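Residue numbers (the working numbering), protein chains in the order written: chain A, 1 to 244; chain B, 245 to 555.
Heads up, the beta-carbon is just placed ideally off N, CA and C, and yes, glycines get one too.
Fair warning: this is a prediction, and the values are worked out from it, not measured in the lab.
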Amino acid sequence: MKTSTFIRYELMRNFRNRRFFVFTIGFPLALFLLIAVPNRHEDNLGGSGISAPLYFMVGLAALGTMNAVVGGGARIAFERVTGWTRQLRLTPLRPRAYFGTKVAAAYLSALLTIAVLYAAGIGLGVSLSTGAWLQMTALLLVGLLPFAALGIMLGHLLGVEAVGPTIGGLSGVLGFLGGVWFPLGDGVMRDIAQALPSFWLVQASHVSLGGPGWSTTGWLVVAGWTVLLSLLAVYAYRRDTARA
Amino acid sequence: MTETTVVKLEGLEKSFRTPKGPLAAVRGVDITIAAGEIVALLGPNGAGKSTTIDMLLGLTRPDAGTVSVLGGAPADATGAGAVGVMLQTGSLIRDLSVRELVTMMASLYPRPLDVDEVLQLVGIDAIAGRRTQKLSGGETQRARFALALVSNPQLLVLDEPTVAMDVESRHAFWATMRTFASQGATVLFATHQLEEADAHADRAVVMAEGRIVADGPTNEIKAKVGLRTIRATVPGAPLAALMLPGVESVERRGEAVILRCTDADRALRALLEAFPEARGIELAGAGLEQAFLELTSVNGGSELPVKEIVQ
C-alpha cells in the first residue's frame, strides 16, 4: 500500500478543479491587492504597529487558507453522495488515513495560498527576517488545525447543496470577527474575537513586532477549538457511518 | 484453495425503520460459498439482495445472525484487501483520468494487478486518458468494474453490475468476469435476471421477500422458475387430452384453458398439431417476480396470473 500515491492523486484532483484556484488563491489575492495597494504606505494600520501590506497579507492568507482547509474536509460531503466513501470503506485504507489524506491535501493547498500571498506582500514592500517569516508560517499552519477538523465535521454533517453556502457564510463571519479587514480595537468585539480561532490566524502577523506572536490565551484558544472540533468530527463521522 | 469456505452467512436478519413501520428486508438467510464458486443471488427488486450484500461486506450490521468472510469478520477481509466490490449505486470521483483513478485505487492494495492489464481486460484501455466525469453510463460501469478488479481480490462481489449497461457492454462485462474467475477467484453477483444467472453462474441462490426460496445449480433453478403458460380456447377438448408433452398442469378458466409448461415451445407445437382449431392463443412468461413468489410458501401452488384476453 502506497499512501503517497493516493495523496498525490488527491492533490492532482484539487489542482485540476478550477473553483479551487478561484476561491482559495484568486479570491484572496485579488482582495489583498484591492485593499493593500491603496494603503501600501500605511506603516501603522489602526494603531496595531503593523504595516498595512503585512497586516492584509496575513489577514487574507488567513481567509484563503481557512477556506482551503475547511473546503478540503467538506469535499467529503461530495464523496459521500457519490458513494466513493462507501467504496473506500471496503479497501485497506483506514478512516484515519482517509482523513489524513484530506488534511494533507488541504494543507498543501493552504501552503500554496500562503506562498502566493507572501509573494504579493513582498511585492508591496513587506520585509521580515527569515526567522519571522518561518515563525509566522508555523503559526498559520498551527492555527489552521481547528479548521481542518471543522471541515471534516461539516463533510459528514452537510448535504452537498449546503456545503458552499455554509463555508461561505462561516468564513465571512469568522474572517470579519477575526480581524481580516481591519485591526480590532479594544472593546467587546475584541473580547469576543479573541475566543475565535480565526482571530489568532490573523494575529500571526504580530511576529513582526518581535516576541512570540501569540499570547498564552492564543495557544489555549487554538488548542481548545482543535480538541472540541476534532471530537465533534469523530462524532459526526461515527453517526454518519453507523446509520445503516 | 479447494473446498475452503469463502463466505458463510448464518441466520441473517435485518429490518429497517420506515414511515409505515418496520420493514423486514432480510428474514433469516443462510448462504455458504466455497472457494472458486460463481454464485448468482437472484431475485426481484426488493427481495433483500442488496441488504444481504451490505451485511456480507460489513456495511450494514445485521439484527441477528453471523457473517464470516474468508474466515473472519467482513471488515478484516475488506481491510486486508481481499474483497473486490462493485456496489449497485455509485459514481466516480471527478478530475482524474480513468487510468489515474484505477492507479489511485491500486495504490491502496497489497497485491494489486497491473493497471494497464486491468484496463485492457475490462475494455477501457481506449478511454484510459479520459476524465471520469466525461464517461458514458456504460463506460462508468466498466471503470467501476476495473476498480473492483484491480485489487486482485479473492472474493469479487457485484451488486446488479449490468443494470446501467448497454447490450455490448454487458457481453464484454461477463466475458471479463469469466476470465477473471477462471483464475480461481470466488464471485458473488446479484441480479434480477434469470438469464444472467443462468448464463454466468454455476449456482443460483434465489431470494424473495427476504428469504431464500431456492438454492442450487442454475439449470435446476431455471427449470423451477422458468415456467411459462399457454392460454387458449380449445372447443370440446377434455382437460386430460391437454396434458401434452411439455405441459405440467392444465386448468379450465371459463371458455379458455391454461397450460402451465416446463417447455412451452414443445407444448405449443403439440397443441397446434392435436387441436388445429385452437384459437385466441396467448403465451406468457410467468414473470420472474411471480415465479419467485411461487417458490415461497406464502404463495406456493397458486395459479400464475395470465393477462385477461378480451375476445
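Beta-bridge pairing of residue i - partner residues as DSSP gives them
i: lysine 378 (chain B); result: Answer is none; lysine 378 (chain B) lacks a bridge partner.
i: leucine 285 (chain B); result: B:Ala434 and B:Val449
i: isoleucine 474 (chain B); result: B:Leu503 and B:Leu527
i: glutamate 254 (chain B); result: B:Thr310
i: glycine 460 (chain B); result: B:Ala448
i: glutamate 495 (chain B); result: B:Ile502
i: aspartate 403 (chain B); result: B:Ala434
i: serine 259 (chain B); result: B:Ala268
i: isoleucine 277 (chain B); result: B:Val251
i: arginine 238 (chain A); result: According to DSSP, which records beta bridges pairwise, arginine 238 (chain A) is partnered with nothing at all.
i: arginine 455 (chain B); result: B:Ala452
Sequence-distant residues of the same chain with beta carbon closer than 6 Å to residue i, five excluded per side
i: threonine 310 (chain B); result: Glu254
i: leucine 285 (chain B); result: Lys293, Ala434 and Val449
i: valine 562 (chain B); result: Chain B is shown from 245 up to 555; residue 562 (chain B) falls before or after that span and cannot be answered.
i: arginine 455 (chain B); result: Arg271
i: phenylalanine 147 (chain A); result: Met66, Val69 and Val70
i: leucine 150 (chain A); result: Val70 and Leu229
i: leucine 123 (chain A); result: Residue identity check: residue 123 (chain A) is glycine in the sequence provided, not leucine. Closer than 6 Å at Cβ, skipping near neighbours: no residue.
i: valine 554 (chain B); result: Confidence at valine 554 (chain B) is low in this model, with a pLDDT of 31, below 50, so the placement of that residue is unreliable and no value is reported for it.
Nonlocal neighbours in the same chain, by C-beta distance under 7 Å from residue i, ignoring five residues either side
i: alanine 467 (chain B); result: Thr506
i: glutamate 257 (chain B); result: Val270, Arg271, Gly272, Pro306, Asp307, Ala308 and Gly309
i: methionine 153 (chain A); result: Leu229, Leu232, Ala233 and Ala236
i: methionine 409 (chain B); result: Gly382, Gln385 and Phe417
i: tyrosine 9 (chain A); result: none
i: isoleucine 264 (chain A); result: The requested residue 264 (chain A) is not part of the displayed model; chain A covers only 1 to 244.
i: leucine 31 (chain A); result: Leu60
Own chain, CB closer than 8 Å to residue i, minus 5 neighbours either side, in chain order
i: alanine 443 (chain B); result: Trp418
i: glutamate 552 (chain B); result: Legend: pLDDT at glutamate 552 (chain B) = 30, less than 50; position of this residue unreliable, value from coordinates given subsequently. Nothing listed; no residue qualifies.
i: glutamate 161 (chain A); result: none
i: valine 37 (chain A); result: Leu124
i: leucine 300 (chain B); result: Val251, Leu253, Val311, Val313, Pro318, Val401 and Leu432
Exposed unless 16 or more other CB atoms sit within 10 angstroms - verdict on residue i
i: serine 48 (chain A); result: buried
i: threonine 130 (chain A); result: exposed
i: glutamine 427 (chain B); result: exposed
i: proline 479 (chain B); result: exposed
i: arginine 19 (chain A); result: exposed
i: proline 197 (chain A); result: buried
i: threonine 333 (chain B); result: exposed
i: lysine 378 (chain B); result: exposed
i: glutamate 453 (chain B); result: buried
i: lysine 264 (chain B); result: exposed
i: alanine 350 (chain B); result: buried
i: glutamate 440 (chain B); result: buried
i: proline 405 (chain B); result: buried
i: proline 318 (chain B); result: buried
i: asparagine 463 (chain B); result: exposed
i: proline 53 (chain A); result: buried
i: aspartate 274 (chain B); result: exposed
i: aspartate 298 (chain B); result: buried
i: serine 380 (chain B); result: exposed
i: aspartate 403 (chain B); result: buried
i: leucine 267 (chain B); result: exposed
i: methionine 189 (chain A); result: exposed
i: valine 401 (chain B); result: buried
Proximity to residue i [Cα-Cα], best of the options
i: arginine 510 (chain B); options: B:Leu393, B:Gly490 and B:Thr435; result: B:Gly490
i: threonine 3 (chain A); options: B:Ser493, B:Val449, B:Met299 and B:Thr347; result: B:Thr347
i: isoleucine 368 (chain B); options: B:Val457, B:Leu345, B:Pro354 and B:Ala481; result: B:Leu345
i: leucine 60 (chain A); options: A:Thr85, A:Phe182, A:Ala74 and A:Ala106; result: A:Phe182
i: alanine 476 (chain B); options: B:Asp446, B:Leu527 and B:Glu464; result: B:Leu527
i: threonine 24 (chain A); options: A:Gly121, A:Ala119, A:Gly64 and A:Leu144; result: A:Gly64
i: aspartate 360 (chain B); options: B:Ala372, B:Asp274, B:Pro354 and B:Met349; result: B:Ala372
i: phenylalanine 176 (chain A); options: A:Arg75, A:His156, A:Arg13 and A:Ala193; result: A:Ala193
i: alanine 324 (chain B); options: B:Val366, B:Asn289 and B:Arg355; result: B:Arg355
i: valine 202 (chain A); options: A:Gly159, A:Ser109, A:Gly143 and A:Leu150; result: A:Gly143
i: glycine 46 (chain A); options: A:Ala223, A:Leu184 and A:Ser215; result: A:Leu184
i: histidine 415 (chain B); options: B:Ile277, B:Leu365 and B:Ser395; result: B:Leu365
i: alanine 138 (chain A); options: A:Gly213, A:Arg238 and A:Arg13; result: A:Gly213
i: isoleucine 474 (chain B); options: B:Leu488, B:Pro461 and B:Ile465; result: B:Leu488
i: serine 205 (chain A); options: A:Gly179, A:Ala30, A:Thr217 and A:Thr216; result: A:Gly179
i: asparagine 289 (chain B); options: B:Ala370, B:Val407 and B:Asp339; result: B:Val407
i: leucine 157 (chain A); options: A:Ile50, A:Pro28 and A:Gly73; result: A:Gly73
i: glycine 218 (chain A); options: A:Phe199, A:Leu209, A:Gly211 and A:Ala115; result: A:Phe199
Could I get the ranges of all uninterrupted alpha helix (DSSP H) runs contained in the segment 299-381 of chain B, with 4 residues as the minimum, in chain order?
Listed in chain order, the complete alpha helix (DSSP H) runs (minimum 4 residues) inside the segment 299-381 of chain B are 318-323, 342-350 and 359-366.
Could you name each continuous alpha helix (DSSP H) segment of 4 residues or more that falls completely within the segment 158-210 of chain A, going from the start of the chain to the end?
Those alpha helix (DSSP H) runs which fall completely within the segment 158-210 of chain A and span 4+ residues are 160-178, 188-193 and 197-202.
My parser needs the alpha helix (DSSP H) runs of 4 or more residues fully inside the segment 15-89 of chain A; what are they?
Listed in chain order, they are 18-21, 27-36, 52-81 and 84-89.
Compile a chain-ordered list of the residues in the segment 60-83 of chain A whose CB is closer than 7 Å to at least one CB of chain E.
The structure shown contains no chain E; the protein chains it does contain are A and B.
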